[in-house]
Structures are given as structure tokens and as C-alpha cells.
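When you line the sequence shown up against mature numbering (1 follows the signal peptide of the UniProt record, and there is no 0), it's residues -22 to -1, 1 to 528, in that order.
Every residue gets a Cβ at the ideal spot worked out from N, C-alpha and C, and that includes glycine.
Being a predicted model, the structure only gives us computed values, none of them experimental.
Below is one structure, written out as C-alpha cells, with a few remarks after it.
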Amino acid sequence: MIKSKMIAVLAGALGLASSACVEQGEDRLSDEANADASMAGEAEVPLEDQLSAAQIEACVELDPRSCDEAALAGCVGSLELRAPTAPGVSPELGCALFSDAQLAQFDVIEQYAADMRDYTGYAEAIDFELLEAIAKLRVILGGGEDYAFAKAIYGIFSGVPQGHASIGFVDLQFSDCYAPDGLVPGRGVSWYGVCARESGGTSLVTHVEDANPLGLEPGDRIIRARKGNQHWVWPFMLSQVRQEPLCDAATPSVAAQRDLDALHLFAHVDVGDELEVLHVDGTTEIIEVPERDDYTLCMDPFRRPSRVELFASYQRPDGVVVVELPTFGQHPDHPFPAPLTFQAYRDWNAEAVELVNAELAQYEDVAGLVWDIRGNRGGSAEYAMALLGGLGDAAGGLGNCYARVPGSQPPAFGDSPEYPFPYAIFVDQPLPTIGFDGPTAIVSDGAAGSAADWMMYRASELGIPTFGHATVGAFGYATGGSYVDKSIAETPDEHIAIFSRISGAHCLDAEGEPLEGRSFVEHVVDLDADDLAAGVDTQIEAAASFLLEQ
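Have a look at this one:
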């Protein structure tokens, strides 16, 4: 079984959110009195934080086909009804007003939640009753509209922190997710030629395409947004972005989620919305969002040319060599062999390491080596870990993944590993190692995951310093018997299609502790606004400076 993603754009990849302060404009960010009147408005509290225990119980017990008026009123409570004329949310809260679409959507919510509960590899307790209650309430308030239904389903998806699960909406080929007029945007998408990462709770612009329609520059920060009638305000802005649905891959690490939330702000805003920008010089500006354009993929924070390569490298004036690794998977320059046997897979990994060795052989007087895995799409964990050293002398000595027993409650798993790290063949036939034996570091971000997660874990075991932001925290895989397709077909006039893949892999480290969602970044380093404006990569600078001091 090879660790891979079914859909390349969903690759990538999540930990505690960075507590780094905003270095410039901190007072401006915290001073709500200075907010422009056109953008004024309280930050919305996430729906789940508004519900009382009694409301949750009422929503769980709500049966829309034999509805108790008191139960419906108890579920909705005092929440503001945003569509007071929509079916199911009239001022009288009459159950008879539920539409056929809403009734069908309730059924799908129950089916989707049951599938996630029965097949996920996540072993810790999850309050599926709460997730269902919130989803049903969103359908009630949404009046059967497709977007509200997608948001309801996405809330369940994002409430299960198990990597390699994926979700899509409308069509099972994801084409709607990458259309400017699509219902739900895709992972990594920006409609405005602007890429971003999280810094101090803001969306920090890291890259702009020429003549981007928002007129933004690297180093600009989005500190406030208005999407329709919603106000997303620092320091809660990114949490609000996280509530909006995506065609997505699961991101277990909260820290990594923040990097992606900062990016996806530019996937969720639309024409007529507003952004408040804090420029590098300390001035602020309100920008009205224009119509969407063709999408830009921002899994690489800078959209470097290397993002489409097997790897790329360069040597800095100080002698440090940086190797950019956008993938640990197959590539036109190094495709998987056919048939893909265990021996062929082992040999493919060995060849990948030797290709990197050949790349490094061109450099002289190397003062240090930085592996840059930001935006890495995943692939082979064995290749990723072999770049740091040997894989040990025992099959499964680094970790093991076990398959979920479907439907078991509490979750139970097979007795023998579905995927040992490493496989026995890597012990019997060790992979080559990197020829450079000097100081080494890794730079990562929240868009890197899967095999990149295993690399970060291995680095922590070997004492190799890591910089940047946490990776996705997705240690399972999108292959094998525990990886299941639970997609739900469209029912016209009732609900859209849901693409659903669920990973039942439960991965443990060498000590038998769960790996999913764990962060292994040692030195949390935000990109800096002033550095970005000056064309300086803060995270690479931090890693290189550390190596030069060794």
C-alpha cells in the first residue's frame, strides 16, 4: 500500500495555534474603537459556542417528520433567524413548514454522521450528537438552501480530526469546486491571485500575482472581513473562516488549520464583500471585493516554480543549501513503476534518495542543509524519512497503523498492522542515505502533510531542528482496506451530491502513542510582514541562522 492522495489538489495536507504576536500594528489590531464604520460589527461567535446544553438536547431529539413544536423552539432557542421567511424558520417555527429538501437533508446528515462514526480511524471520543445537532440547526436556519446544507455537512467533517478523509460537493469530479461560480471552493484556492499564511491571527499576504484585482502586496495583512452580513474580526477572524465549507482534505492539527484558514479567506469572499487591510507602513484600507476570477492554487505559499518539480535546490551566499521538496510522491521525472510490487516500491524510494544525492553533489563548501517542505503534497513516508537517515532495524520500529473494525463502539482496530513503518523490505534492504553529514534543519507549514508529517516526526526522534508552522498531522493513508468510499449521490431538488472518503487508519508512534494531529515543529516561526515586503523569507532565514551557529 502506497501512501497517496486520491486527488492531487487535496494533498497537503494539522497542534496548538501559534501565539506569536503581530510585530507591527499590534495596537491597531486590538483597538476596536478605530474600526472604520463601514466595517464595524461584532465578531460572530461560532454556532456551536452559542448552543446551550438544552438546545443541543432538543436538536438531537428533533424528529422533523413528527415534530414537536416545543422541541423545535427549544432547538432554535434565541438564535437570530437569518432567513425568517424560509421554510422551517417562520416566526411561528411551525414544523409543517419544513420543506421536502430539509427533510431529505436531515436524513443525509444522519447517514453522513453515522458513516464518519463507524469508519473513522480516530479513536478518541467525539460528540457526534453535538455535530449532528449543529448540522440540523444549520439546515433549519438555512431553509433547505444548498450552501447551508454543505456547511452543515462540512461541520461534521471538520469535527472529526482524522487525516486523509476528504469531502467534496455538487459533483464527484470536483469541477464545481474550481469554478468561480461554484457552490463551494476547493482546498488551496484563491480567486484573487493572492496567497496567504497565518501570522498573529491575521491573514498575511505571502504572494501576489501580477495586477491582482485586490491591489494587495506581500506583507499586507487582512485583519477584518465582511462576508455578506457576517463580520469576521481579528482575533477570531480565522476561526470564522474555518466554519465555511470547502472541498477539502481533513486537517487534524489546529495550528495547520490556521495557515489554511488564512489562505482560504480568499476562497470564501465574493463580489461586494469587504476586506480591511493593514499595510506594512501601518496604514489601513477598506477594499471592496470584486468579482471572482480564475483560481490560483496557493498550497505553496510563494507559488515558486519548484511547486511543479520533483525537487529544486539552491545555495545561499552563506553556504547553506536549501532543497525545496514539493512532493514525496511520483512525478513525471520519477514515476512509479508498473507493476508496483513491494520490491519495485523499495527500489523507487532508493532511486528517489539517489536523485537528491546527485542534486546535492553539485555544491561545494556546504555550511548546512535545509529541507523546505512547505506545501508538500505527501507521497512516500519511507522516502521522506530516508532523507534524514536510516529507517531502523525492525519492521514497524518507527510506528504502525491499524485498520478500524467498522462499526465498533468504542472504536476497535485490527490486531496486526495494516501498514508498518517501515515495511520489512526496508529493513532487509536498507535505503541509501544522504551523503551530506553536516547540520540539517527542516522548514514546514500547514499545507504540508502525510509523508511530510512522518518526516517531521522522524526529525523529532533524531533531534533535527524544525522551523516554521506545524504540518497537517495526517499520519494515515488513502489506500488499503480501511480507506472507504461513502459518497452520497445527489437527489434533485432535495440535496447536492457529497464526495466522501474516510480513512480508518489508526497510527501509533514507536511508543504506542497516537500520532494523528500531533505537531512536531520545534521552533514556531511566523513569516514577517516587513520581511515579505522586502522579499525575505523569514522562516528560511531562521533555519539557516540556526545552522550557521552550530
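Residue i in three-state terms, based on DSSP
| i | result |
| --- | --- |
| residue 233 | helix |
| residue 33 | helix |
| residue 464 | coil |
| residue 385 | coil |
| residue 208 | strand |
| residue 502 | strand |
| residue 599 | Outside the displayed span of the chain (-22 to 528) sits residue 599, for which this structure offers no information. |
| residue 515 | coil |
| residue 272 | coil |
| residue 138 | coil |
| residue 335 | helix |
| residue 391 | strand |
| residue 219 | helix |
| residue 307 | coil |
| residue 521 | helix |
| residue 375 | coil |
| residue 90 | helix |
| residue 380 | strand |
| residue 153 | helix |
| residue 200 | strand |
| residue 11 | Note that residue 11 has pLDDT 26, beneath the 50 cutoff, so the model's placement of it is unreliable and the number below is only indicative. Helix. |
Option in the options with minimal Cα separation from residue i
| i | options | result |
| --- | --- | --- |
| residue 107 | 246, 204, 89 and 478 | 89 |
| residue 509 | 130, 177 and 138 | 177 |
| residue 367 | 419, 141, 385 and 340 | 419 |
| residue 258 | 278, 372, 220 and 183 | 183 |
| residue 274 | 235, 528, 216 and 190 | 190 |
| residue 371 | 394, 526, 253 and 402 | 402 |
| residue 101 | 116, 48, 127 and 140 | 140 |
| residue 187 | 174, 181, 199 and 180 | 174 |
| residue 232 | 287, 138 and 317 | 138 |
| residue 553 | 359, 355, 266 and 310 | Outside the shown range of the chain (-22 to 528) lies residue 553, about which nothing can therefore be said. |
| residue 264 | 450, 253 and 211 | 253 |
| residue 85 | 111, 99 and 104 | 111 |
| residue 364 | 322, 33, 158 and 434 | 434 |
| residue 505 | 388, 517, 80 and 511 | 517 |
| residue 558 | 142, 120, 38 and 53 | Outside the shown range of the chain, which is -22 to 528, sits residue 558, and nothing can be said about it. |
| residue 98 | 387, 321 and 373 | 387 |
| residue 125 | 80, 104 and 41 | 80 |
| residue 356 | 316, 340, 288 and 119 | 288 |
Close-in-space but distant-in-sequence residues of the same chain around residue i (CB under 6 Å, 5 per side omitted)
| i | result |
| --- | --- |
| residue 487 | 377 and 493 |
| residue 361 | 306, 327 and 330 |
| residue 308 | 314 |
| residue 132 | 223 |
| residue 514 | none |
| residue -13 | The predicted model places residue -13 with a pLDDT of 23, which falls under 50 and marks its position as unreliable; any figure quoted below should be read in that light. The residues are 144, 165 and 227. |
| residue 448 | -8, 231, 233, 234, 497 and 499 |
| residue 276 | 166, 168, 173 and 241 |
| residue 528 | 417 |
| residue 322 | 315 |
Proximal residues to residue i (C-beta, below 7 Å), its chain only, five neighbours per side dropped
| i | result |
| --- | --- |
| residue 284 | 290, 302 and 304 |
| residue 521 | 348, 419, 421 and 445 |
| residue -2 | Here residue -2 scores only 28 on pLDDT, less than 50, and its place in the model should not be relied on; the value that follows carries that caveat. Same-chain partners within the cutoff: 178. |
| residue 512 | none |
Check whether residue i and residue j have beta carbons under 8 Å apart
| i | j | result |
| --- | --- | --- |
| residue 352 | residue 443 | no |
| residue 113 | residue 87 | yes |
| residue 550 | residue 230 | What the structure shows of the chain is the stretch from -22 to 528, and residue 550 is not part of that stretch, so it cannot be assessed. |
| residue 413 | residue 338 | yes |
| residue 216 | residue 179 | yes |
| residue 324 | residue 391 | no |
| residue 424 | residue 236 | yes |
| residue 219 | residue 210 | yes |
| residue 150 | residue 465 | yes |
| residue 134 | residue 94 | yes |
| residue 359 | residue 399 | yes |
| residue 271 | residue 163 | no |
| residue 36 | residue 52 | yes |
| residue 199 | residue 507 | yes |
| residue 148 | residue 373 | no |
| residue 50 | residue 40 | yes |
| residue 385 | residue 105 | no |
Close beta carbons around residue i, own chain, < 8 Å, minus the five adjacent residues each side
| i | result |
| --- | --- |
| residue 83 | 117, 122, 127, 130, 472 and 473 |
| residue 396 | -22, 379, 380, 381, 458, 459, 460 and 483 |
| residue 410 | 328, 331, 332, 335 and 364 |
| residue 519 | 509 |
| residue 383 | 389, 390, 391 and 392 |
Is the stretch 456 to 463 close to the stretch 480 to 496, with three or more CB pairs under 8 Å? yes
For the stretch 211 to 227 against the stretch 235 to 242, are there 3 or more C-beta pairs whose distance is under 8 Å? yes
Evaluate contact between the stretch 339 to 355 and the stretch 293 to 300, counting only Cβ atoms and requiring at least three cross-stretch pairs below 8 Å. yes
Does the stretch 254 to 274 come close enough to the stretch 183 to 198 that 3 or more CB-CB pairs lie under 8 Å? yes
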